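S.K.:
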Amino acid sequence: MRRAIVMGGSYAGLFAARVLSDYVEDVMVVEPDEIGADGVGRRVPQRLQLHALLSMGHTQLERWFPGITDELVKGGARLGEGRDVRFYVDGRLKAPVAGTRMLGATRPFLESHVRRRVDGLPNVRLVQAEVTGLVFDGSRVGGVVTGDGEIWEAELVVDAMGRSSRLVEWLTGHGWDEAPVDRMRIDLGYATAMFRRGDELDSLVVAHSSPGPASDYSPEVTEPGALTAVEGDRWSVVLAGYADYRPGPDPEEFLRRMRRCVAPLRTVADDCAMIGDVKTYRFLESRRRVHSRLSRFPGGLVVLGDALASVNPVYGQGLTLAALEANALAAYLRSGSPWRDPAWGYFRLAEAVVSGAWQLSTAADLAQPHVTGPYPRGYRVQKWVADKLTEASVLDSVVNTAYMGVVNMQQPPTTLTDLRLLGRAARVLLRR
Ligand SMILES: Cc1cc2nc3c(=O)[nH]c(=O)nc-3n(C[C@H](O)[C@H](O)[C@H](O)COP(=O)(O)OP(=O)(O)OC[C@H]3O[C@@H](n4cnc5c(N)ncnc54)[C@H](O)[C@@H]3O)c2cc1C
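Sequential numbering from 11 applies to the sequence shown in our numbering.
Spelled out as structure tokens, the structure:
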């Protein structure tokens, strides 16, 4: 293939460019945002929120950018192993997980390393411009138009423009149908603050506390929240809450809520100085577009990252999904499918990955009292089993290793229906 254009140069666009560089002579990444030295930019405000990279996301990062973990760690990121990574449910520390590894870094720091690597590829160009429309060549996309009216031809165009992508508008304007959307309204509030980091928590890198099935759980007793040790000797701390219980920007209120969290967050609230402001973010709904439900779609066009699917950030899946969708693109390009045809092969693979993340996040969200569906068939039984498994995962390493394998997107959700695992969970609960 002679040229591919990636619209959007954030995390998903950079991964797509890396994959395409193996198959295409000339890869152009078109991104309007000017990313300053702080790595933040204007157009992706969630970059300022705590970003956890799931184990599978880390594996894919190292796969496509070998040696990047060492670079990140040399620059100040932290690599947590074993008990340096702690997960809590209803305020209780979960059983240890075999082989845990998680990276502690801010999103701008992580992404700036990925951008530098992609920028260094000989056949990739990063171009600062805004895409304003598509160019069609019969029933396929033949390129893009940028803000200055310039037309850039390409054999393959990738939409990595995030949740605010205007692709649907451009397609429907040319007589194509909109890909059906699944939505779940969750009304999540997020707030992140930075703190100076000393040796108050030894080698801890990640502490993550979520609500679970305990009947005596109440957010006033143990707040959900997380912290990560990041570059620059800082802690990144996030608090989350739904509907009317969303955290606000007031630092005193933030500290009060941290003092109702699990022990590591309480320690940071008491011992460490807050740096800068509390940054808030409101996330109204999870959504995914299902292109395989369409009967026609233009050739030469694929969609990935948040433009394809964006789920509740509490589960930390977005960056990992983007990387796995880039893998789907690699598999599609490797398959030798004629790229002039609609990329159904790509969409099927990418949607299989999205489906796992969607099942996991929406099943957990439906347990929130203010989330009103849609409920999948058999939801009550699924929830009962999931609650029991969560309970057993607090007590037993084997159950928790399988459970966290799914949470970390290393295993599909069906792993949790394995009869031997369910039997073990039942025995653990009975023994208790
Ligand atoms: C509060 C919050 C917390 C999160 N926490 C986590 C976490 O802990 N772990 C995790 O893995 N994920 C997390 N996520 C999800 C993660 O942020 C997203 O999944 C990720 O940003 C998706 O990357 P993307 O490249 O698809 O889209 P984006 O990062 O949104 O980037 C889209 C890019 O497209 C560009 N663009 C837009 N329009 C145009 C145009 N017309 N022409 C050219 N370019 C254009 C934009 O400038 C931007 O650079 C979180 C999300 C939120 C909201």
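C-beta: ideal position from N, C-alpha, C; glycine also.
Keep in mind the model is a prediction, meaning the values are calculated, not measured.
Under the rule that 16 or more other beta-carbon atoms within 10 Å means buried, what is Gly185, buried or exposed?
M.R.: Here residue 185 is taken as the residue at index 175 of the sequence shown, counted from 1. It is exposed - the Cβ of Gly185 has fewer than 16 other Cβ atoms within 10 Å.
S.K.: Quick check on the DSSP output: what are the complete alpha helix (DSSP H) runs of length 4 or more inside the region 163-215, in order along the chain?
M.R.: 177-183
S.K.: Of all the alpha helix (DSSP H) runs that stay within the bounds of the region 391-426, which reach a length of 4 or more residues?
M.R.: 407-417
S.K.: Taking Leu304 as the reference, give the member of Asp187, Val278, Val145, Leu60 with the closest Cα.
M.R.: In the sequence shown, counting from the first residue as 1, residue 304 sits at position 294. The option with the nearest alpha carbon to Leu304 is Asp187.
S.K.: Could you check whether Gly114 and Gly90 sit closer than 8 Å to each other, using their CB atoms as the reference points?
M.R.: Indexing the sequence shown from 1 puts residue 90 at position 80. Indexing the sequence shown from 1 puts residue 114 at position 104. Contact flag set, yes.
S.K.: Is the beta carbon of Thr232 sitting closer than 8 Å to the one on Val278?
M.R.: Stepping through the sequence shown from its first residue, residue 232 is reached at position 222. Stepping through the sequence shown from its first residue, residue 278 is reached at position 268. Not in contact: Thr232 and Val278 (Cβ atoms no closer than 8 Å).
S.K.: Could you compute how far the alpha carbon of Pro118 sits from the alpha carbon of Glu81?
M.R.: By 1-based counting over the sequence shown, the position of residue 118 is 108. By 1-based counting over the sequence shown, the position of residue 81 is 71. Pairing Pro118 with Glu81, the inter-Cα distance amounts to about 15 Å.
S.K.: Assuming Val438 and Thr425 make a contact with CB atoms under 8 Å, what is their CB distance in whole Å?
M.R.: In the sequence shown, the residue the question calls residue 438 occupies position 428. In the sequence shown, the residue the question calls residue 425 occupies position 415. No, Val438 and Thr425 are not in contact; Cβ-Cβ is about 17 Å, not under 8 Å.
S.K.: DSSP three-state label for Glu44, please.
M.R.: In the sequence shown, the residue the question calls residue 44 occupies position 34. Here Glu44 carries a coil assignment [DSSP, helix/strand/coil].
S.K.: Does the Cβ of Trp394 have 16 or more other Cβ atoms within 10 Å, making it buried, or fewer, making it exposed?
M.R.: Along the sequence shown, one-based indexing puts residue 394 at 384. Exposed.
S.K.: Rounding to the nearest angstrom, what Cα-Cα distance links Ala14 and Ala105 in this structure?
M.R.: Counting from one through the sequence shown, the residue named residue 14 turns up at place 4. Counting from one through the sequence shown, the residue named residue 105 turns up at place 95. Straight-line Cα distance between these residues: approximately 47 Å.
S.K.: CB-CB under 6 Å to Val324, same chain, minus the five flanking residues each way: which ones, in chain order?
M.R.: Looking up residue 324 in the sequence shown gives position 314. Correct list, in chain order: Ala250.
S.K.: Below 6 Å CB to CB, which residues in the same chain sit around Arg292 once its five sequence neighbours on both sides are set aside?
M.R.: Start at 1 with the first residue of the sequence shown, and residue 292 comes out as number 282. Hits under 6 Å: Gly199.
S.K.: Name the DSSP beta bridge partners of Gly245, please?
M.R.: Here residue 245 refers to the residue found at position 235 when the sequence shown is read from its first residue. The sequence shown places Trp at residue 245, rather than the Gly named in the question. In the DSSP output, where bridge partners are listed per residue, Trp245 has Phe205, Ala239.
S.K.: Quick one, which of Asp36, Asp100, Tyr252 has its alpha-carbon nearest Leu405's?
M.R.: Numbered from 1 along the sequence shown, position 395 holds the residue referred to as residue 405. Taking only the C-alpha atoms, the option nearest Leu405 is Asp100.
S.K.: Within its chain, find whatever has a CB closer than 6 Å to the CB of Glu230; leave out the 5 residues flanking it on each side and keep chain order.
M.R.: Taking the sequence shown and counting its residues from 1, the one referred to as residue 230 is at position 220. Model confidence at Glu230 stands at a pLDDT of 49, short of 50, so the residue's coordinates are unreliable and nothing is read from them.
S.K.: Have a look at Gly152, Ala164, Trp74, Arg173 and flag the residue whose alpha-carbon is nearest the alpha-carbon of His459.
M.R.: Residue coverage of the chain in this structure runs from 11 to 442, which leaves residue 459 outside it and unanswerable.
S.K.: Mind checking which residues open and close the alpha helix (DSSP H) that includes Lys84?
M.R.: The residue labelled residue 84 in the question sits at position 74 within the sequence shown. Start and end: 78-84.
S.K.: Could you give the first and the last residue of the continuous beta strand (DSSP E) run that contains Tyr385?
M.R.: In the sequence shown, counting from the first residue as 1, residue 385 sits at position 375. First-last for Tyr385: undefined, no H or E at that position.
S.K.: Starting from the Cα of Gly208, find the closest Cα among Gly235, Thr330, Met284 and give me that residue.
M.R.: By 1-based counting over the sequence shown, the position of residue 208 is 198. When only C-alpha atoms are compared, the closest one is Met284.
S.K.: Just to confirm before moving on: does the CB-CB distance between Gly86 and Glu241 stay below 8 Å?
M.R.: By 1-based counting over the sequence shown, the position of residue 86 is 76. By 1-based counting over the sequence shown, the position of residue 241 is 231. Going by C-beta atoms, Gly86 is nearer than 8 Å to Glu241.
S.K.: Please classify Ile78 as buried or exposed, where buried requires at least 16 other C-beta atoms within 10 Å of its C-beta.
M.R.: Within the sequence shown, numbered from 1, the residue matching residue 78 stands at position 68. Buried, by the Cβ-count rule.
S.K.: For Leu58 and Leu440, what's the separation of their Cα atoms in angstroms?
M.R.: Within the sequence shown, the letter at position 48 stands for residue 58. Within the sequence shown, the letter at position 430 stands for residue 440. Taking the straight line from one Cα to the other gives about 44 Å.
S.K.: Which stretch, first to last residue, makes up the beta strand (DSSP E) that contains Arg350?
M.R.: Here residue 350 refers to the residue found at position 340 of the sequence shown. It is not in any beta strand (DSSP E) - Arg350 carries neither H nor E in the DSSP assignment.
S.K.: Would you mind stating whether Gln219 and Pro234 have Cβ atoms separated by less than 8 Å?
M.R.: In the sequence shown, counting from the first residue as 1, residue 219 sits at position 209. In the sequence shown, counting from the first residue as 1, residue 234 sits at position 224. Per the sequence presented here, residue 219 reads as Ser, with Gln not at that position. A contact, by the Cβ cut-off of 8 Å.
S.K.: For Arg350, which residues in the same chain have their Cβ closer than 7 Å to its Cβ, ignoring the five residues on either side in sequence?
M.R.: Residue numbering aside, residue 350 sits at position 340 when the sequence shown is read from its first letter. Counting only Cβ-Cβ distances below 7 Å, and skipping sequence neighbours, we find Arg150, Gly309, Gly310.
S.K.: Per DSSP, what kind of secondary structure is Tyr227 in: helix, strand or coil?
M.R.: Translated into positions along the sequence shown, residue 227 becomes position 217. Low local confidence applies: a pLDDT of 48 at Tyr227 is under 50, so the model's placement there is unreliable, with the coordinate-based value given in what follows. Three-state DSSP puts Tyr227 in coil, outside helix and strand.
S.K.: Pick out whichever of Lys398, Ala362, Thr142 has its Cα sitting closest to the Cα of Leu181.
M.R.: If you number the sequence shown from 1, residue 181 lands on position 171. Minimum Cα distance to Leu181 is reached at Thr142.
S.K.: Please indicate yes or no: does the CB of Gly235 lie closer than 7 Å to some heavy atom of ligand 1?
M.R.: Within the sequence shown, numbered from 1, the residue matching residue 235 stands at position 225. The answer is no for Gly235.
S.K.: Three-state secondary structure (DSSP) at Phe307?
M.R.: Sequence index remark: in the sequence shown, residue 307 carries index 297 (1-based). Three-state result, Phe307: coil.
S.K.: For Arg125, which of Asp197, Arg344, Glu41 has the nearest alpha-carbon?
M.R.: Start at 1 with the first residue of the sequence shown, and residue 125 comes out as number 115. Per the Cα distances, Glu41.
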